[in-house]
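Working notes for the structure below.
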Amino acid sequence: MITVKFFAVLRERLGLAETQVDADVSTVQELVQVLKQQSERYAKELDRYQLLCAVNQNLLPLTTEVKDGDEVALFPPVTGG
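Start counting the sequence shown at 204; every next residue gets the next number (the numbering used here).
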């Protein structure tokens, strides 16, 4: 089981802070694809942004490998001023 946490506007638009995914995936990209297949809402919101991710609290590319027990955080690009 992989814990997926949503931050910033993703959390607001999806209406949840985290979810659990029990799927045979090897990368964050594959994990995102599984989420998109779960609902039209996930697909719309996850396609809306060029996602950033952190795996086990380390900022890493979407091509990063994941395994059972990992925590993946997804968030849109950070802006500010």
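All residues carry an ideal CB built from backbone N, CA and C; glycine is no exception.
Classified as buried, E248 has 16 or more neighbouring CB atoms from the shown chains inside 10 Å of its CB.
Under the DSSP definition of a beta bridge, T230 partners with E268.
Between the alpha carbons of D250 and N261 lies a gap of roughly 22 Å.
Taking the Cα positions, E221 is about 6 Å away from F209.
In this structure, the straight-line span from the alpha carbon of V281 to that of L263 is close to 14 Å.
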